[in-house]
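Its first residue numbered 17, the sequence shown is counted upward by one per residue in the numbering used here. Ideal placement from N, C-alpha and C gives every residue a C-beta, glycine not left out.
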Amino acid sequence: MASNMYSDDEIASAVVAGVLTQASADALRAHVDQRRGTSVIDDERFRLIAGFNDIFVVVACALLLTALGWIFGDIASWLGALAVAVAAWGLAEFFVRTRRMALPAIVLLLAFEGGLVFTGALIFGSTPPNFVLGSLLGVAGAWLHWRRFHVPITIAAGAAAVAGTLVALVLALVPASRDRPSAIAFVVGIAVFVFALYWDAQDPLRQTRKSDVAFWLHLLAAPLLVRAAFGAIGVVGGQATFQQAIAVFVLYLALGVVSLILDRRALMVAALGSVLYTFTGVLNKLGVVSSSFAITALAVGSALLLLSAFWHRSRAFVLQHVPPALRRWIAPAR
């Protein structure tokens, strides 16, 4: 027997179309959450795959796009990249717009954007001044793709293209800024993070695709912010000192609090690599060489699992200390 999985966005569209009443939609969500023992808000769910056919289609699309890029690339490199972008859009017309398949939508969007950016880079050049033109091509492509398909990750791809354009402009106009990558990453990360909060605030109950858009924006902002923060501490490259380890620990606690407030785990996940690296280096200095990573992974993994088990209670406690004026813009505790 075949089974269908319906996203919250599709349920919301059924309400708009008059197929379901708002009360019926809310009751359906509550019933599904009760059966699954989960909450849409607390579990930070987003639709990725409905069945193995999604994977099947992705594999087939990857083969086709690779072949087209290869064949047309033999004629001209930029032509191969453009062929990938055009084919990705064409495939999206059926698998995204008609079939509404989530995983192929993500892959085809990335292929389309990547093809456009590479086309611009191959035609105009990849130096900072010329990369601006390629990035602008990516921005325009993301805007058109969003208008046509409304794939949530498209906004994050467009934000990345805008960020790339601005960074290229800064590097071209201020060459000395190339020596301060952490500062650039911090500014871009803050901008994307604020943009993610904007989308989160439009759907605090996480019932539409706006929440999915915010998810991908948080996923984009997190590594930029973490790279900047840990770069400022000095743990990106080289051996970490005890003082740096303490700073990393305090910073990770702060990231944990922010993650609890927003009910977004991307910041904590993005910082994991730096945390593991830092404390592994400290244990190496103490002489625990052979098992330093294992001990660090055991401690960090156990702490994260404990937090996951008590996520709801921890979040409810933290939200008690958040001003009411701010609480109405974030996901409520369940």
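Of the residues the options, the one placed nearest residue i, counting alpha carbons only
i              : options                           : result
leucine 10     : Phe309, Met284 and Ala121         : The question about residue 10 has no answer here: the residues shown for the chain are numbered 17 through 350.
alanine 101    : Phe111, Pro120, Leu126 and Gly303 : Leu126
arginine 113   : Ser193, His166 and Val74          : His166
leucine 213    : Val35, Leu278 and Ala103          : Leu278
alanine 315    : Val190, Ala179, Ile65 and Phe265  : Phe265
arginine 164   : Ala184, Leu189 and Ala121         : Ala121
leucine 80     : Ala310, Arg344 and Gly106         : Gly106
arginine 329   : Ile71, Ala217, Arg115 and Pro348  : Pro348
alanine 99     : Ala108, Phe111 and Ala83          : Ala83
aspartate 70   : Phe111, Phe231 and Leu288         : Phe111
glycine 130    : Ala118, Arg116, Thr294 and Gly85  : Gly85
serine 227     : Gly141, Ala78, Leu95 and Trp345   : Trp345
histidine 161  : Gly67, Glu109 and Leu138          : Glu109
alanine 238    : Ala217, Val210 and Ala184         : Val210
alanine 286    : Phe333, Phe246 and Ser142         : Phe246
valine 274     : Gly157, Val334 and Phe68          : Val334
aspartate 216  : Trp159, Arg116 and Leu342         : Leu342
leucine 189    : Ile311, Pro145 and Gly157         : Pro145
threonine 143  : Arg116, Trp159 and Val183         : Val183
tryptophan 159 : Ser318, Phe72 and Phe128          : Phe128
cysteine 77    : Gly89, Thr257, Ala313 and Met117  : Met117
glycine 310    : Gly157, Leu292 and Thr257         : According to the sequence provided, residue 310 is alanine. The question's glycine does not apply to it. Among Gly157, Leu292 and Thr257, the Cα nearest to that of alanine 310 belongs to Leu292.
leucine 354    : Ser290, Thr257 and Ala179         : A question about residue 354 goes unanswered here, because the residues of the chain that appear run from 17 up to 350.
Alpha helix (DSSP H) segment containing residue i, residue limits
i                 : result
phenylalanine 211 : 197–218
alanine 177       : 169–189
tryptophan 345    : Note, tryptophan 345: premise wrong, no alpha helix (DSSP H); not H, not E.
alanine 221       : Alanine is not the amino acid found at residue 221; the sequence shown has leucine there. That residue, leucine 221, is in no alpha helix (DSSP H); it is neither H nor E in DSSP.
arginine 164      : 144–165
leucine 233       : 225–249
arginine 194      : Segment: none, arginine 194 is in no alpha helix (DSSP H) and carries neither H nor E.
valine 334        : 327–335
C-beta contact flag for residue i and residue j at 7 Å
i                 : j              : result
glycine 174       : valine 155     : yes
phenylalanine 134 : alanine 97     : yes
valine 148        : threonine 181  : yes
alanine 424       : serine 151     : With the chain covering only 17 through 350, there is no way to say anything about residue 424.
valine 123        : isoleucine 171 : no
leucine 36        : alanine 43     : no
leucine 288       : arginine 331   : no
glutamine 259     : glycine 250    : no
alanine 282       : arginine 243   : no
leucine 119       : valine 75      : no
arginine 194      : leucine 185    : no
threonine 296     : serine 308     : yes
leucine 153       : leucine 132    : yes
histidine 234     : arginine 280   : yes
alanine 263       : serine 198     : no
tryptophan 232    : proline 168    : yes
Residue i beta carbon near the ligand GDP (any heavy atom closer than 6 Å)
i           : result
glycine 131 : Questions concerning the ligand GDP fall outside what the structure shown contains, since it holds no ligand whatsoever.
Sequence ranges, alpha helix (DSSP H) only - wholly within the segment 261–309, length at least 4: 282–301
Continuous alpha helix (DSSP H) assignments of at least 4 residues falling wholly in the segment 59–132: 68–89 and 93–111
Segment contact flag, the segment 214–233 with the segment 265–274, C-beta cutoff 8 Å, min 3 pairs: no
Cβ pair count under 8 Å reaching 3, the segment 299–309 against the segment 319–330: no
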